[in-house]
Amino acid sequence: MRHLGTPGQRWHPERDEGARMSAGPADEARRDDHRRQARPGRRGDAPTHQRSERQGRGPEHRVLQDSPQDAPRVVGASRLSDDERAQITRTLLLRAAATGDETERRACLDAVVEVNMRVAEAVARRYSNRGVALEDLRQVAYLALVRAVRTFEPSREVDLLSFAVPSMTGEIRRHFRDHSWTIRPPRRVQETCTRLVRAGGERDRLDDAGLATLAAQVDAEVDTVREALTARHLFTPPSLDRVVGEQVREPASDDDGLERAETRALLDRVLRQVSLTERRVLDLRFGQQLSQQAIADRLGMTQVQVSRTLQRVLLQLRSAIGDVAAA
Numbered sequence: 183m184r185h186l187g188t189p190g191q192r193w194h195p196e197r198d199e200g201a202r203m204s205a206g207p208a209d210e211a212r213r214d215d216h217r218r219q220a221r222p223g224r225r226g227d228a229p230t231h232q233r234s235e236r237q238g239r240g241p242e243h244r245v246l247q248d249s250p251q252d253a254p255r256v257v258g259a260s261r262l263s264d265d266e267r268a269q270i271t272r273t274l275l276l277r278a279a280a281t282g283d284e285t286e287r288r289a290c291l292d293a294v295v296e297v298n299m300r301v302a303e304a305v306a307r308r309y310s311n312r313g314v315a316l317e318d319l320r321q322v323a324y325l326a327l328v329r330a331v332r333t334f335e336p337s338r339e340v341d342l343l344s345f346a347v348p349s350m351t352g353e354i355r356r357h358f359r360d361h362s363w364t365i366r367p368p369r370r371v372q373e374t375c376t377r378l379v380r381a382g383g384e385r386d387r388l389d390d391a392g393l394a395t396l397a398a399q400v401d402a403e404v405d406t407v408r409e410a411l412t413a414r415h416l417f418t419p420p421s422l423d424r425v426v427g428e429q430v431r432e433p434a435s436d437d438d439g440l441e442r443a444e445t446r447a448l449l450d451r452v453l454r455q456v457s458l459t460e461r462r463v464l465d466l467r468f469g470q471q472l473s474q475q476a477i478a479d480r481l482g483m484t485q486v487q488v489s490r491t492l493q494r495v496l497l498q499l500r501s502a503i504g505d506v507a508a509a
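Note that the working numbering gives residue 415 to position 233 of the sequence shown, counting from 1, and the numbers run on in steps of one.
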């Protein structure tokens, strides 16, 4: 058997090619171990028996690690593809159903939740910018995911998400219905409000023809649409403590009151030509002093859309006020 050298010496195979060629399997194994010990921490340096055990494993072994209690924990779930997520989810659910250890079963279900949390976040983001904080929507989606994982039957030959996503969507919608209204109108009115938002507000007119058209568009009665248009402002009503003007404390004379009454009557006439959405934009911009970006976030619009709406409405109002004053 060839001597590999004294401690501290490095083995150079080119110095003794004949000795290397004559070495047997045992010598080759010892040389492999010697090289691994000389370069600790490098990838691929695991012992031969560990490498053989890893062969044939699925993607779950890239993100799942077993603790000393044989309970799985998730590492790097955000890097999984959809197919890998589905495969790991099914493996964990089957393992949870097969084990008789309650601790291991709970650990497997917790791992399933962690693997699918990014899906819950995606569902929550669908409903952002609708008057409810995104973090609240995430929490609702997470809780719905936990309940779905606990009640899902792994014997079904379907992906968990076919059951979990509708559950999360339903919980978020119920959260909007039950917790987001300052004054809760009837359920039929709430549902009509939701359909009105989806249909858009550019045609929300107060005249009978506009109401009839809008009612046909959202498949509701005219009276229900009229209630829903009024109830939309109950979602985030203005505060009673809001200051309505900069000169509230100044004493008002009779002439000021008469002038304000005339101005109010004039505005009432011209504002009838403006849609409810446009009127809402005017109130948020000039009544509540919100920025264009804040208005866009509240109404589900872009800042550019808000800016164009303000320009169009102000031009329309100036023209209408001039016509009324001339008459």
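Here a beta-carbon is modelled for each residue, glycine too, at the ideal position from N, C-alpha and C. Remember, it's a predicted structure, so these values are computed and weren't measured experimentally.
In this structure, residue 297 places its C-beta atom within 7 Å of the C-beta atom of residue 267. Boundaries of the alpha helix (DSSP H) harbouring residue 325: 316–333, taken from the DSSP string. If you draw a 10 Å sphere on the C-beta of residue 334, you find 16 or more other C-beta atoms in it, and that means buried. Per DSSP, the unbroken alpha helix (DSSP H) holding residue 274 starts and ends at 264–280. Contact check for residue 374 and residue 346: beta-carbon distance about 29 Å, past the 8 Å limit, so the pair fails to qualify.
In the pairwise beta carbon analysis, the region 304–322 is classified as not touching the region 273–286: fewer than three pairs are separated by under 8 Å.
DSSP, reduced to helix, strand and coil, places residue 340 outside both helices and strands of the structure shown, so it counts as coil. Between the C-alpha atoms of residue 280 and residue 269 there is a straight-line separation of about 17 Å.
Spanning the alpha carbons of residue 378 and residue 397 requires a straight line of approximately 9 Å. When C-alpha distances from residue 493 are compared across 460, 308 and 323, the shortest belongs to 460. Taking residue 302 as reference, the option from 283, 285, 328 and 292 with the minimal CA-CA separation is 328. Residues of the same chain with a CB within less than 7 Å of the CB of residue 453, apart from the 5 flanking positions on each side, are 461 in chain order.
In the structure shown, the three-state DSSP call for residue 483 is coil.
Residue 486 counts as exposed, since fewer than 16 other beta carbons sit within 10 angstroms of its beta carbon. Using a Cβ distance threshold of 7 Å, residue 350 and residue 305 count as a contacting pair. Looking at 491, 500 and 342, the one whose alpha-carbon comes closest to that of residue 264 is 342.
Beta-carbon to beta-carbon, residue 449 and residue 495 are separated by about 12 Å, too far to satisfy the 8 Å threshold. If you look at residue 289, you'll find it in the alpha helix (DSSP H) that goes 284–297. In this structure, DSSP gives residue 407 a helical state, which the three-state scheme calls helix.
At a Cβ-Cβ threshold of 7 Å, residue 455 and residue 394 do not count as neighbours. The beta carbon of residue 404 sits closer than 7 Å to the beta carbons of 393, 394 and 397 from its chain, once the five residues preceding and following it are set aside; these are given in chain order. For residue 464, the enclosing alpha helix (DSSP H) stretches over residues 458–464.
The three-state secondary structure of residue 489, taken from DSSP, is helix. Within 10 angstroms of the beta-carbon of residue 358 lie 16 or more other beta-carbons, which makes it buried. Here the alpha carbon of residue 468 sits roughly 14 Å from the alpha carbon of residue 478.
One thing to note: residue 472 has its Cβ within 7 Å of the Cβ of residue 466. Within the same chain, and ignoring the five residues on either side of residue 331 in sequence, the residues whose Cβ sits closer than 6 Å to its Cβ are 291, 294 and 295. Counting only the Cα atoms, residue 360 lies some 13 Å from residue 370. A direct Cα-to-Cα measurement between residue 310 and residue 282 gives close to 41 Å. Around the beta carbon of residue 407, 16 or more other beta carbons sit within 10 angstroms, so the residue counts as buried. Linking residue 391 to residue 497 through their CA atoms gives a straight-line distance of about 25 Å.
With contacts defined as CB atoms closer than 7 Å, residue 470 and residue 488 fail to qualify as a contacting pair. Taking the C-beta atoms as reference points, residue 354 is found no nearer than 7 Å to residue 400.
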